[in-house]
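What follows is a set of notes on a single structure, which appears directly below.
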Amino acid sequence: MPGIRVLVGTRKGGFILTSNARRKEWQVEGPLFAGWEIYHMKGSPLDPNRIYASQTSSWFGQIIQRSDDGGKTWFQPGSVDEEPVVDEISGFPKGESNKFVYDTSDETGRPLTTHQFYDGTQHPWKFLRVWHLEPSLTEPNTVFAGVEDAALFRSTDGGTTWQELAGLRGHKTGPDWSPGAGGMCLHTIVIDPNNAQRMFVAISAAGTFRTEDGGESWTAINQGLHSEYIPDPKAEVGHCVHRVAIHPSNPNVLFMQKHWDVMRSDDGGDSWYEVSGNLPTDFGFPIAVHAHEPETIYVVPITSDSLHYPPEGKLRVYRSRSGGREWEALTEGLPQENCYVNILRDAMAVDTFESCGIYFGTTGGQVYGSTDSGDHWQTIVRDLPPVLSVEVQMLP
Amino acid sequence: MSDSAQAAANPRCAVRLVMPHHLRTLASVDGEILLEVSLPVTTRSVLNALEQRFPMLRGTVRDHVTHQRRPKVRFYANELDLTHQDPDTPLPEAIASGSKPFMIVGAISGG
């Protein structure tokens, strides 16, 4: 019987929630990597046993973990006893899977320039952590990593070694990028399901970028965004994009939750227009698209950039069945009083069952799920550490 | 080169090392560990020995490339804070002799 795995990254470890197609009873496993921040876990769409995890700590740095048995066991792919990547001089394993070094080589790299810092000074790029891992849709051992300070890395050996796709960091606007409150992070990677060479990434606070050549060169695609918190609200870059989502059937239509504003593009990001419509507030972090209805989208409005909790203490997912502008509140099964949690940008996902499931996690440690496109919700688990990310992996 | 000649050319000693919980978990070890460290015993030679034996710890105590100490990691030895000492300065004799452990400590942070 087909099943589902919901991968939950939290401030204090990872959790795996497993169920069958009915999605009524859930098995909760965890915490994995207890005590570490698990910024993101994501399963391969090509191999239901393959899961990647970004394990990070402000004390001890970045660790990449991989499971090849559906999360039962984990290993650091660069430190496997059987196949270590060995240093030619010392003969010792190199622990390469945790090594993210900006590419400044003459052949493929870009000079390590500076970017704007909080105080307005220029600051050299410095690697801090992996925010997002995106397995390839076509190559089983290829996976992309979005990192802070903002850059895109790729591994073609299952996370054993990582190479920067330096064209993005080397974009002519790079020196104008600046960190948001959460750091200067590349947090969103969207791969065109019909064309592996075409990808979209989003950076806080630079904006959205598109490549048509597998990451070698990039175009800033922020025309139409309007951000009052930057000196030129319509600048080419500087926008705090929180999340971008597409539907596989039409990868030219992009949906965006920005710092403020819910936006839409019908031309692959070349231009954007606002579809916030009747939302009670258009501030928020995640945005997701229904698995089978390309014009059905979901957001979770948050009061404001100063008040990171739902308006009126009511946790409401908003759904638009018209691709934006007209929104309806989904509340059944969600707390409608005294709820002051946040839902972070990577903490919402959909499944692909016939009756589409939606899942999201909160900073209060709840994970909610709906098996009917959001009409009704159930609490799958509560009282976890603050949830950083939620992803779905379908099981055959 | 014979084993004894090699040992003479590359003298080593056993250093006791204490790591924080999260690094022990990553390395799959319990409690204090014993490391064979090249002489002279310095912070650098201890960390080299640690990373050679436990490659999964590369990057966790110091940067992969620059070998700069991670900001929230501290080094204690013989009741001294040696965090800011030059990594090539010989450590106290008590560390080289094994009578005291070299300690890698996660900086206190809480509220």
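These protein sequences, in sequence, are chains V and U.
Each residue of the first sequence is one higher than the one before, counting from 1 in this note's numbering.
Each residue of the second sequence is one higher than the one before, counting from 1001 in this note's numbering.
The beta-carbon is built from N, C-alpha and C at its ideal position, and this holds for glycine as well.
Cβ neighbours of residue i in the same chain (closer than 8 Å, five flanking residues each side left out)
i, result
"glutamate 82 of chain V", "Per-residue confidence for glutamate 82 of chain V stands at a pLDDT of 48, beneath the threshold of 50, marking its modelled position as unreliable; the derived number appears in the next sentence. Answer for glutamate 82 of chain V: no residue qualifies."
"glutamate 25 of chain V", "Ser19"
"glutamate 96 of chain V", "Gly78, Val85, Thr160, Thr161 and Trp162"
Residue span of the beta strand (DSSP E) that contains residue i, given as start and end
i, result
"glutamate 1036 of chain U", "1033-1038"
"asparagine 1048 of chain U", "Careful: asparagine 1048 of chain U lies outside any beta strand (DSSP E), inside the alpha helix (DSSP H) at 1043-1053."
"histidine 247 of chain V", "241-247"
"methionine 394 of chain V", "387-395"
"leucine 225 of chain V", "Segment: none, leucine 225 of chain V is in no beta strand (DSSP E) and carries neither H nor E."
"leucine 1017 of chain U", "1012-1018"
"methionine 41 of chain V", "37-43"
"proline 31 of chain V", "27-32"
"glutamine 1068 of chain U", "Careful: glutamine 1068 of chain U lies outside any beta strand (DSSP E) and carries neither H nor E."
"asparagine 20 of chain V", "13-20"
"glutamine 378 of chain V", "378-381"
"alanine 151 of chain V", "151-155"
"glycine 3 of chain V", "3-10"
"tyrosine 397 of chain V", "There is simply no residue 397 of chain V to check, as chain V begins at 1 and stops at 396 in what is shown."
"serine 370 of chain V", "367-370"
"glutamate 148 of chain V", "143-148"
Per-residue burial, residue i [other beta carbons within 10 Å of its own, 16 or more giving buried]
i, result
"isoleucine 302 of chain V", "buried"
"phenylalanine 117 of chain V", "exposed"
"threonine 121 of chain V", "exposed"
"tyrosine 298 of chain V", "buried"
"alanine 347 of chain V", "buried"
"aspartate 351 of chain V", "buried"
"proline 124 of chain V", "exposed"
"isoleucine 380 of chain V", "buried"
"glutamine 197 of chain V", "exposed"
"methionine 256 of chain V", "buried"
"arginine 382 of chain V", "exposed"
"glutamine 55 of chain V", "buried"
"serine 1099 of chain U", "exposed"
"alanine 53 of chain V", "buried"
"glycine 364 of chain V", "buried"
"methionine 1103 of chain U", "buried"
"serine 155 of chain V", "buried"
"glutamate 337 of chain V", "exposed"
"asparagine 278 of chain V", "exposed"
"glutamine 76 of chain V", "buried"
"proline 385 of chain V", "buried"
Neighbourhood of residue i by C-beta distance below 7 Å, restricted to the same chain and skipping five residues each side
i, result
"glycine 180 of chain V", "Ser204, Ala205 and Cys240"
"tyrosine 340 of chain V", "Tyr309 and Gly313"
"serine 44 of chain V", "Arg50, Pro135 and Pro140"
"serine 90 of chain V", "Its pLDDT being 49, under 50, serine 90 of chain V is placed unreliably by the model, and the measurement read from it follows with that caveat. Contacts found: none."
"serine 412 of chain V", "Any answer about residue 412 of chain V is impossible in this case: the structure gives chain V only from 1 up to 396."
"lysine 126 of chain V", "Asp149"
"proline 31 of chain V", "Lys12, Gly13, Gly14 and Phe15"
"methionine 1056 of chain U", "Leu1026 and Ala1027"
"alanine 291 of chain V", "Val350, Asp351, Thr352 and Cys356"
"proline 1087 of chain U", "Thr1042, Thr1043 and Arg1044"
"glycine 3 of chain V", "Thr18, Ser19, Asn20, Ala21 and Leu395"
First through last residue of the alpha helix (DSSP H) which encompasses residue i
i, result
"glycine 167 of chain V", "166-169"
"leucine 1026 of chain U", "1021-1027"
Chain U contact residues for residue i, given Cβ-Cβ distances below 9 Å
i, result
"phenylalanine 60 of chain V", "Pro1020, His1022, Leu1023, Leu1026, Leu1057, Gly1059, Thr1060, Val1061, Arg1070, Lys1072, Val1073 and Gly1106"
"glycine 35 of chain V", "His1021, His1022 and Thr1025"
"serine 67 of chain V", "By Cβ distance, chain U contributes nothing, its closest Cβ being about 15 Å from serine 67 of chain V, past 9 Å."
"isoleucine 63 of chain V", "Leu1026, Met1056, Gly1059 and Thr1060"
Partner residues on chain V for residue i, Cβ-Cβ distance less than 9 Å
i, result
"valine 1046 of chain U", "Near valine 1046 of chain U there are no residues of chain V at all, since even the closest Cβ is about 15 Å away, more than 9 Å."
"valine 1065 of chain U", "Lys99 and Val101"
Neighbour list for residue i in chain V, Cβ cutoff strictly below 8 Å
i, result
"histidine 1084 of chain U", "Simply none; closest approach about 17 Å."
Contacts around residue i, its chain only, beta-carbon distance under 6 Å, and the 5 residues preceding and following it disregarded
i, result
"arginine 316 of chain V", "Ala329 and Thr331"
"glycine 61 of chain V", "none"
"threonine 1083 of chain U", "Arg1074 and Phe1075"
"arginine 1069 of chain U", "Arg1062"
Neighbour list for residue i in chain U, Cβ cutoff strictly below 7 Å
i, result
"serine 57 of chain V", "His1022"
Chain B contact for residue i (CB, 9 Å cutoff)
i, result
"glycine 158 of chain V", "Structure shown: chain B not included; protein chains present are V and U."
Open item on the list: List, from N- to C-terminal side, the beta strand (DSSP E) runs of 3 residues or more that fit wholly inside the region 1079-1110 of chain U.
Closed with: Taking only runs of at least 3 residues, the beta strand (DSSP E) segments lying wholly in the region 1079-1110 of chain U are 1102-1106.
Task: Length-filtered (3 minimum) beta strand (DSSP E) runs lying within the region 56-137 of chain V - done: 61-67, 114-116, 122-124 and 129-135
Task: Every unbroken beta strand (DSSP E) inside the region 288-352 of chain V [3 residues or more] - done: 297-299, 317-320, 328-330 and 348-350
- [ ] Kindly provide the ranges of any alpha helix (DSSP H) runs that are 4 or more residues long and lie completely inside the region 163-213 of chain V, ordered along the chain.
- [x] 166-169
Task: Minimum length 3: unbroken beta strand (DSSP E) runs contained in the region 250-280 of chain V - done: 250-258 and 262-265
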